[in-house]
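Taken in sequence, the protein lines are chains A and B.
Sequential numbering of the first sequence, starting at 1492, is according to my numbering.
Sequential numbering of the second sequence, starting at 570, is according to my numbering.
Virtual Cβ for every residue (Gly too), placed ideally from N, Cα, C.
The structure displayed is predicted, hence computed values, not measured ones.
One structure is given here, and the rest of the page talks about it.
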Amino acid sequence: MVTRIHPNLEDSDAKMSAKGVSIFYGDKKAIDDVSISIPTRYVTAFIGPSGCGKSTFLRALNRMNDTIASARVEGEITLDGEDIYRSGMDVVQLRARVGMVFQKPNPFPKSIYENIAYGPRIHGLAEDKTALDEIVESSLRRAGLWEEVKDRLTDSGTALSGGQQQRLCIARAIAVDPEVILMDEPCSALDPIATAKIEELIDELSGRYAIVIVTHSMQQAARVSQRTAFFHLGKMVEYGRTTDIFTNPLEERTKDYITGRYG
Amino acid sequence: MTERVAPTRTPAFEARLKQRYASERRFRVIGLSAIVFSLSVLAFLLVSMGYNGIGGFQRAELTVPIDFAESGVAGDASTLSGPTGISALETQGLPDVVAFYAEQALGAEGAAELSPGAWREVAEAVVANPDILRETVTFDLPASADLASAMRGDGGDEMRALAERLSSEDKLDRNLDVGFLERSDATDPQQVGIWGALKGSMLTMFVTLLLAFPIGVMAALYLEEYAPKNRWTDLIEVSINNLAAVPSIIFGLLGLAVFLWIFPTYRSAPLIGGLTLALMTMPVIVISGRNAIKAVPPSIRDGALAIGASPVQVVFHHVLPLALPGILTGTIIGMARALGETAPLLMIGMRAFIATPPDGFTSPATVLPVQIFLWSDEVNQGFVERTSAAIIVLLVFLLVMNGLAIYLRNRFEKKW
């Protein structure tokens, strides 16, 4: 079975693309022959039932799977046409270009300021203290957190509420000015109000970065994304414009999932 | 139709509930009595140590006034300074002068019971301040070991009578012996001090910490963060765990066979002792370090990796600072064990009789637990109290060391 691509999916310039990607954990195949092209200025959502491999695939996009000893990737994933799994690829640089936000907020147990400043500092993005202050402020502003934390930048990042922590993590990711931001169920640990704030933020950021978001919530995918890919049992079943997927699914399984028949 | 009774309302359930509470109460009583028992053992230990140890910090001293102006001993700051000062005084007959004035003050019997090295204390006082050579100065000089034990009620009748007479004349008294913390080992319990062993312990511990801490932490970091998981690393892990369980005397044999073979001239040196104890301490630090590193949540590593930190940056900026409190706890345990260790140091010759404090890492030394062991083996009664006093010094050293480590641990502790 191959992925069904919606016919009216226009060719936009692809930021990242995967061709025939399979991912293994030891002998177990978690992702089977996935090909997808992720557009530059849109939000792409990966949806699907638990265990379908969407998070695995997401983590392959900035090689976070490298930390799992048994994980193995076959096929080709490119960023701006460059194979990210080729032997000479610099993983550190790749991850600076393709940032990631995780399911559970994971601020460093350091001050709010240090959380944001860490990335720019290790990459040498700021020439002096003033420039670093500016990066911290603009990152927090773009993450919509500045007004809430500007008076307590020296407080620990872990002292913030869950939603604030997640926005701090997004601010941390955008502080190194990446080209792509991967989000792995960023709202699953948050209440509806915090979720709304994050979704608003994703909307604002989408003009500037290519964003890929894994989500369990169909409503969220419908609200924030322009492209949607449906994964099931390690395969990508269907890919198209979000409106097409939700109003006119081509596959029976997609239809069943988005109407809540399973998942 | 009978009314349905909820299963949590039946008599059987209530009986079970009672049993559960009873077992909880039993457990509490057992736990509490275990704590009370250990606390009382500890209290008994501390009280008996303290009681005996107070005697160890005191010394039987005879009061001897010396009129230097009359004695003819001469000298000034220039002739008496430096290491030759004491021998200069010896050639001028200071020992005889001290013996003469002791006889005047205490009578012939009393003077005979002055500790043989007593004149040295006079000489040291003179060297420290030559001006006293123009005055009459009253010294409290150590009594002989026999007189000291007679004062405690042991020994022959004659000696006890002498002790009683001198005490009643206010010429024999037990005084606080600050010198115990400044002198080194001696054959006479009245003359011994702990400084040599304390300094030896400090130097040895310094070498141990300097080697075991960085090597142990680096090994733990490498094994946890970098090493591939395969048969070889499994083997290394098993070996390290076994190493931590090896009896300490085996490490002493190893030190004897390897370190003393490489540095044959450094027998009894803190350097060799420290190397040997470092071998023993390292596995403890590696094991506790690995556990502490494992306890750092993977999400922190992911977060740092995802913004492009290199693996080394992840380790040194995030993992190590978060694991440090746990690593320090393991280091405290390992160092405390090393500080109290006797057996391996006996093997490498640190049990020698050493009457001067070590002046470096390579000069012969002994350490506190070995000193305690040696003194506890002495026949002379005076050493019993000295042994307790040395134990108190060891415990205080241990407390200071652990207190410092706990302070550091709390400073580095962070919440996440």
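Any idea what DSSP makes of residue i, helix, strand or coil?
i                 : result
Asn744 (chain B)  : strand
His1723 (chain A) : strand
Arg906 (chain B)  : helix
Ser713 (chain B)  : coil
Ile1693 (chain A) : helix
Thr707 (chain B)  : strand
Pro1611 (chain A) : helix
Gly765 (chain B)  : helix
Val1592 (chain A) : strand
Trp985 (chain B)  : Because Trp985 (chain B) carries a pLDDT of 49, less than 50, the predicted location of this residue cannot be relied on, and the following value inherits that uncertainty. Reduced to three states, the DSSP call for Trp985 (chain B) is coil.
Pro938 (chain B)  : helix
Asp700 (chain B)  : helix
Phe832 (chain B)  : coil
Ile960 (chain B)  : helix
Tell me the rounded alpha-carbon separation between residue i and residue j.
i                 : j                 : result
Asp649 (chain B)  : Leu716 (chain B)  : Note on residue identity: the sequence assigns Leu, not Asp, to residue 649 (chain B). Going from the Cα of Leu649 (chain B) to the Cα of Leu716 (chain B) covers about 32 angstroms.
Leu943 (chain B)  : Gln882 (chain B)  : 50 angstroms
Leu601 (chain B)  : Ile805 (chain B)  : 41 angstroms
Arg729 (chain B)  : Ser736 (chain B)  : 10 angstroms
Ser1546 (chain A) : Asp1675 (chain A) : 6 angstroms
Lys1595 (chain A) : Gly1635 (chain A) : 19 angstroms
Ser770 (chain B)  : Asp1581 (chain A) : 50 angstroms
Thr731 (chain B)  : Ile635 (chain B)  : First, the residue type needs correcting, since residue 731 (chain B) is Leu and not Thr in the sequence shown. Each residue's Cα considered, the two are about 22 angstroms apart.
Leu663 (chain B)  : Val969 (chain B)  : 41 angstroms
Asn799 (chain B)  : Phe885 (chain B)  : 25 angstroms
Arg1554 (chain A) : Tyr1609 (chain A) : 20 angstroms
Ala934 (chain B)  : Arg836 (chain B)  : 9 angstroms
Thr1494 (chain A) : Arg1732 (chain A) : 14 angstroms
Gly903 (chain B)  : Leu840 (chain B)  : 18 angstroms
Glu1638 (chain A) : Ile1626 (chain A) : 15 angstroms
Leu1673 (chain A) : Arg573 (chain B)  : 56 angstroms
Thr1738 (chain A) : Pro1669 (chain A) : 33 angstroms
Glu793 (chain B)  : Lys1510 (chain A) : 35 angstroms
Ala974 (chain B)  : Arg589 (chain B)  : 42 angstroms
Pro797 (chain B)  : Lys1601 (chain A) : 30 angstroms
Val610 (chain B)  : Met618 (chain B)  : 12 angstroms
On the DSSP bridge list, what partners appear for residue i?
i                 : result
Ser1774 (chain A) : The structure shown does not extend to residue 1774 (chain A), since chain A is modelled only from 1492 to 1754, so the question has no answer here.
Ala1505 (chain A) : A:Pro1530
Pro607 (chain B)  : This sequence places Ser at residue 607 (chain B); Pro is not what is there. Answer is none; Ser607 (chain B) lacks a bridge partner.
Ser1647 (chain A) : A:Ser1602
Lys1520 (chain A) : A:Phe1515
Tyr1730 (chain A) : A:Ile1496, A:Ala1720
Ala1701 (chain A) : A:Val1671
Val1525 (chain A) : A:Val1512
Glu1628 (chain A) : According to DSSP, which records beta bridges pairwise, Glu1628 (chain A) is partnered with nothing at all.
Glu630 (chain B)  : B:Pro711, B:Asp742
Do you know whose CA, among the options, lies nearest residue i's CA?
i                 : options                                    : result
Ile856 (chain B)  : B:Pro913, B:Tyr791, B:Trp830, B:Leu874     : B:Tyr791
Ala681 (chain B)  : B:Phe669, B:Ala591, B:Ser808, B:Gly724     : B:Phe669
Ile623 (chain B)  : B:Ile960, B:Pro894, B:Ala924, B:Arg978     : B:Ile960
Leu908 (chain B)  : B:Leu772, B:Ala861, B:Ile604               : B:Leu772
His1723 (chain A) : A:Cys1660, A:Lys1746, A:Thr1733            : A:Lys1746
Ser1578 (chain A) : A:Glu1567, A:Gly1511, A:Arg1588, A:Glu1501 : A:Glu1567
Leu1696 (chain A) : A:Ile1496, A:Asp1624, A:Glu1742, A:Arg1633 : A:Arg1633
Glu954 (chain B)  : B:Ser592, B:Val633, B:Gly625, B:Trp764     : B:Gly625
Lys863 (chain B)  : B:Asn971, B:Thr660, B:Arg721, B:Ala789     : B:Ala789
Thr1531 (chain A) : A:Asp1523, A:Val1671, A:Gly1517            : A:Val1671
Asp754 (chain B)  : B:Ala813, B:Arg920, B:Ala674               : B:Arg920
Asn949 (chain B)  : B:Leu608, B:Leu889, B:Thr756               : B:Thr756
Phe1593 (chain A) : A:Ile1684, A:Pro1677, A:Ile1736            : A:Pro1677
Pro783 (chain B)  : B:Met720, B:Pro852, B:Ala826, B:Phe828     : B:Pro852
Give me, in chain order, the residues of the same chain whose beta-carbon lies closer than 6 angstroms to that of residue i; leave out the 5 immediate sequence neighbours on both sides.
i                 : result
Tyr620 (chain B)  : none
Arg1663 (chain A) : Asn1606, Ile1607
Tyr976 (chain B)  : none
Trp985 (chain B)  : Per-residue confidence for Trp985 (chain B) stands at a pLDDT of 49, beneath the threshold of 50, marking its modelled position as unreliable; the derived number appears in the next sentence. Around Trp985 (chain B): no qualifying Cβ.
Ala687 (chain B)  : Leu710, Pro711
Thr1649 (chain A) : Pro1598, Pro1600
Pro890 (chain B)  : none
Compare the C-beta of residue i with all C-beta atoms of chain D and state if any pair is closer than 8 angstroms.
i                 : result
Pro1600 (chain A) : Any reference to chain D falls outside this structure, whose protein chains are A and B.
Leaving out five residues before and five after residue i in sequence, what residues of the same chain have Cβ atoms less than 7 angstroms from its Cβ?
i                : result
Asn744 (chain B) : Gln627, Arg628, Glu630, Asp709
Ala657 (chain B) : Gly644, Thr648, Leu649
Output needed for residue i: all residues of its chain with C-beta closer than 8 angstroms, excluding positions within five of it in sequence on either side, in chain order.
i                 : result
Ile655 (chain B)  : Arg689, Ala692, Glu693, Val696
Leu1651 (chain A) : Pro1598, Ile1603, Val1640, Leu1659
Leu1681 (chain A) : Gly1653, Gly1654, Gln1657, Ile1689
Let me check you understand the geometry: is the CB of residue i closer than 7 angstroms to at least one non-hydrogen atom of the ligand MN?
i                : result
Val827 (chain B) : This structure does not include the ligand MN; it has no bound ligands of any sort.
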